[in-house]
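Numbering (our numbering), first residue to last: 131 to 375.
The structure appears right after this line, and notes come after that.
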């Protein structure tokens, strides 16, 4: 079983063939956690997650969007149907840093209230994100944490904090560094579909490339990689085994 803990099948790039992509995931034993970007996108994520036993929902409020307080109500109302709060976090590519930090603090409190892990975006804000999650009362997954070696090591030492290896690890030295520096007990895998792929659309099926890279870097078998990541998934996303029953 392969787990892609971060994908965006609600993207327009999947409009024509999302059903085929989901069928291929089922056929190839790929489990996908869809990450919502805003209240409207979250509704679509929730809808798609009900269409397949291989698709799960994480609803979020991406920092590139204006914060919508209806998100908090949405998360509480759907807490039994989601496995995480994400995609959330900070993106200092945008100028409203203080507002983003304030909103992210609210989201951390929300995640603690409904006892859900966070899936976190941290572009140009990795150090600030680590500060904010250091005392969080829930697990945190750092999505595509393309940071310095020092910050990767610091992240891996934080309690209940996991780093997700993108499928672009096959050509990205930054992604490869995550797999090298973080222990197996703190690793997850993702694609960020349809993004983070050279010259073509990414899909959840490419998460297998991340697993293959981990086997080479950690010098373990595919069976060992699958087993270790499955264990990490179940530690982080505590209701993933029961939510479909």
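Ideal Cβ positions, reconstructed from N, Cα and C, are used throughout, including at glycine.
Only a predicted model underlies this, so the values are computations on that prediction, with no experimental measurement involved.
Minimum C-alpha distance to residue i - residue among the options
i: residue 245; options: 226, 160, 210; result: 210
i: residue 169; options: 311, 140, 270; result: 140
i: residue 149; options: 233, 322, 250, 180; result: 180
i: residue 214; options: 264, 323, 135, 352; result: 135
i: residue 192; options: 251, 161, 202, 142; result: 251
i: residue 265; options: 291, 253, 371, 351; result: 291
i: residue 220; options: 206, 237, 212, 208; result: 237
i: residue 152; options: 353, 323, 286; result: 323
i: residue 253; options: 284, 325, 162, 224; result: 224
i: residue 373; options: 160, 302, 182; result: 182
8 Å CB neighbourhood of residue i in its chain, flanking five on each side removed
i: residue 282; result: 275, 293, 307, 308, 311, 312
i: residue 158; result: 132, 335, 338
i: residue 164; result: 137, 138, 139, 140, 175, 178, 179, 185, 186, 187, 188
i: residue 269; result: 247, 248, 290, 291, 292, 365, 366
i: residue 351; result: 345
Nearest-angstrom beta carbon gap, residue j and residue i [assumed within contact, 8 Å]
i: residue 133; j: residue 318; result: 7 Å
i: residue 355; j: residue 341; result: 5 Å
i: residue 156; j: residue 331; result: At roughly 19 Å, the Cβ-Cβ gap does not stay under 8 Å, so residue 156 and residue 331 are not in contact.
i: residue 255; j: residue 222; result: 4 Å
i: residue 233; j: residue 195; result: Residue 233 to residue 195, Cβ: 10 Å. No contact.
i: residue 217; j: residue 190; result: 4 Å
i: residue 260; j: residue 284; result: 6 Å
Neighbour flag for residue i against chain D, beta carbons, 8 Å
i: residue 179; result: In the structure shown, chain D does not exist; there is a single protein chain.
Contact set for residue i: own chain, Cβ-Cβ below 7 Å, skip 5 residues either direction
i: residue 154; result: 335
i: residue 300; result: 339, 343
i: residue 204; result: 169, 172, 189
i: residue 257; result: 281
i: residue 314; result: 348, 358
i: residue 208; result: 176, 189
i: residue 235; result: 262
i: residue 212; result: 187, 188, 189, 246
i: residue 160; result: 132, 134, 184, 334, 335, 337
i: residue 370; result: 186, 213, 363, 364
Residue i, buried or exposed, once every other Cβ within 10 Å from all chains shown has been counted against 16
i: residue 272; result: buried
i: residue 361; result: exposed
i: residue 240; result: buried
i: residue 316; result: buried
i: residue 230; result: buried
i: residue 263; result: buried
i: residue 206; result: exposed
i: residue 278; result: exposed
i: residue 329; result: exposed
Other residues of its chain near residue i: CB distance less than 6 Å, five sequence neighbours each side excluded
i: residue 327; result: none
i: residue 320; result: 134, 135, 136, 294, 296
i: residue 166; result: 172, 175, 189, 190
i: residue 286; result: 312, 316
4 or more residues per run - each alpha helix (DSSP H) lying fully within the segment 182 to 242 | 200 to 207, all fully within the segment 182 to 242.
Whole alpha helix (DSSP H) runs in the segment 290 to 357 with 4 or more residues, listed along the chain?
-> Within the segment 290 to 357, the complete alpha helix (DSSP H) runs of at least 4 residues are 303 to 311, 337 to 348.
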